[in-house]
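Numbering (UniProt numbering), first residue to last: 1 to 617.
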């Protein structure tokens, strides 16, 4: 082990524990013979199908220029497939002056380990704002990251380049990456429509839900402090151990999420808490035919608005970070606010809630994250049809036992978020007692039976649950009553947003006439850039800055990704800015109009029944 290798390892151990573990303990995904070239810092990589020099034997400088010749040097983000022997890094530093984010996709773990002896990754990290290394990943895993966590950088201007030899050595890998990224960008406009649908739906759910009696989560969060919790999801492996829950209600706080609510009821198990957040009508099916009086419901105000009036047990609301309108209102009337992070699923949300509440240990069960035995749910769900795994969209992988299973991109997104949350809450011990399904990095794999033998009896847990019931009866209130006086003011605030937006749209149309006449090009470009600085355009409107822009930020980013232009052609820049600004300002106008209408209906004590279903899910 060279001195530089050791320094790189220490650097990764401190900055990226997951990558450190990959380097030190993972097995190579691809079997490749590595041969050093005599008389030149170059290598030959050999697989069953091919044998290639990773760099030109004659002119590496010319090869490097060819790799990057079609890349836009003004890009802020760069994806490099195949790092080679490090020759590309000085070129990137010199020729990409605006680069902020670099992703290196290196499938060959052994070759990466070899390069740790010669490339100082600490220096690479110091030159670029963020360097992300995807090492020893399958094409599917790399794509999952690139269109998931990295997607937020795509609107900055991203270029995708490849080591020429790697396209032969790892045939089809780069093409798969490139195709999926382009497909995802094209689909973004469709996703924008879905995002708009969800934003409008959840806003209407909120305005209806605040008329139901509730207790704020902040008033009961202490029940979780320094106590173990069992987080129950609905995966097929739940069949293996859910029967044990009946005898564990005095040893851990049992929290059921989503479809697990129905499954536990149908198997005669009552959890301490149920968690629900989904705003779609299908969420009703989880509660149909179950006794809702015997368990506390933890919910977000995004939940489908017909559920709360029918739920007979105590209802406790928590604030999700995707509900800026609720945050705005609550901070107007009270100071104490615990914000729970949203996620790919209700299980991600509940996990954040339990970690944030100070649980001493979290045991998760039923969290397969794949189709174990070809099923999506355990027995007792409202929907447990066999899954046709021959359809497109299913990804082949392995479970914790090494068995071949199929998963999906959303499941991998959930897995990734669990792993990121675990790193954030690293002091909380987490046990994955699913007894099947995908491995979640950082979680300790065990069985529920062995874990519960380590738990001691919790004193007074049942009496504290009963106390929450009493507090709900005595202290529970209608949120609308607290907000009533603010609503009249807010109608005027949203009228101001509409006025600003109308003025901006008129301004854009005036600039369109300039463009058509091919005059005042510099002025047009300058004014469109000013308009697209939304923080300045709506600087005088508090509800715009604190409610509308946070609520629409994903939609606004999506328009930037789809229609943004980052080149130097002024005409194309004007066309791009004009289209993006008109779309964005229209979205702001329509959302402001929706909230204003909901405010008026609430003050008239009428339910919000506005038709928001203009987009199919």
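Glycine is no exception: its CB is placed at the ideal position from the N, C-alpha and C atoms.
In the same chain as residue 451, and ignoring 5 residues on each side of it, the C-beta atoms closer than 6 Å to its own belong to 363, 431, 433, in chain order. Excluding sequence positions up to five before and after residue 404, its CB lies within less than 7 Å of the CB of 396, 398, all in the same chain and listed in chain order. In the displayed model, residue 101 falls within a strand according to three-state DSSP.
Cβ-Cβ distances below 7 Å link residue 84 to 54, 55, 163 in the same chain, with the five nearest sequence neighbours on each side left out; the list follows chain order. Exclusion of the five residues before and after residue 463 leaves no residue of its chain whose Cβ lies closer than 6 Å to its Cβ. At a Cβ-Cβ threshold of 7 Å, residue 109 and residue 19 do not count as neighbours. Taking residue 29 as the centre and dropping the five residues before and after it, the same chain places the C-beta of 107, 109, 136, 137, 138 closer than 8 Å to its C-beta, in chain order.
Within its own chain, the residues whose Cβ lies closer than 7 Å to the Cβ of residue 428, once the five positions on either side in sequence are excluded, are 355, 359, 362, listed in chain order. With contacts defined by Cβ atoms closer than 7 Å, residue 437 and residue 237 form a contacting pair. Boundaries of the beta strand (DSSP E) harbouring residue 257: 253-257, taken from the DSSP string.
Between the region 528-537 and the region 497-507, the count of C-beta pairs closer than 8 Å reaches three or more; the two stretches touch. Under the three-state reduction of DSSP, residue 426 is assigned to coil, being neither helix nor strand. Residue 576: member of the alpha helix (DSSP H) spanning 570-603, first to last residue.
In the displayed model, residue 483 falls within a helix according to three-state DSSP. Residue pairing of residue 339 in beta bridges, as defined by DSSP: 319. In this structure, 8 is the residue among 538, 468, 8, 585 with its C-alpha nearest to the C-alpha of residue 112. Residue 300 sits in a strand when the DSSP states are folded into three classes. Counting only unbroken stretches of 3 or more residues, the beta strand (DSSP E) elements lying wholly within the UniProt domain "Glycosyltransferase Maf N-terminal" (61-189) are 77-81, 101-106, 130-135, 158-162, in sequence order. Distance from residue 366 to residue 260 at the Cβ level is roughly 6 Å; contact confirmed, criterion being Cβ atoms closer than 8 Å.
Residue pairing for residue 276: DSSP places it in a beta bridge opposite 299. For the pair residue 75 and residue 68, the Cα-to-Cα distance works out to about 12 Å. Three or more beta-carbon pairs separated by less than 8 Å link the region 212-220 to the region 300-318, which places the two stretches in contact.
Comparing alpha carbon positions, the residue from 596, 592, 484 closest to residue 211 is 484.
For residue 232, the enclosing beta strand (DSSP E) starts and ends at 228-232.
Contact between the region 319-335 and the region 237-254 is not established, with fewer than three Cβ pairs separated by less than 8 Å.
Separation of residue 173 and residue 147 (C-alpha to C-alpha, rounded to the nearest whole angstrom) is 16 Å. If only uninterrupted beta strand (DSSP E) runs of at least 3 residues are considered, those enclosed by the region 345-418 are 361-365, 395-398, 404-407. Beta-bridge pairing by DSSP links residue 45 to 34, 52. Annotation: residue 22 is outside any beta strand (DSSP E); the continuous alpha helix (DSSP H) that includes it extends over 17-25. One alpha carbon belongs to residue 523, the other to residue 542, and they sit about 29 Å apart.
According to DSSP, residue 216 shares a beta bridge with 317.
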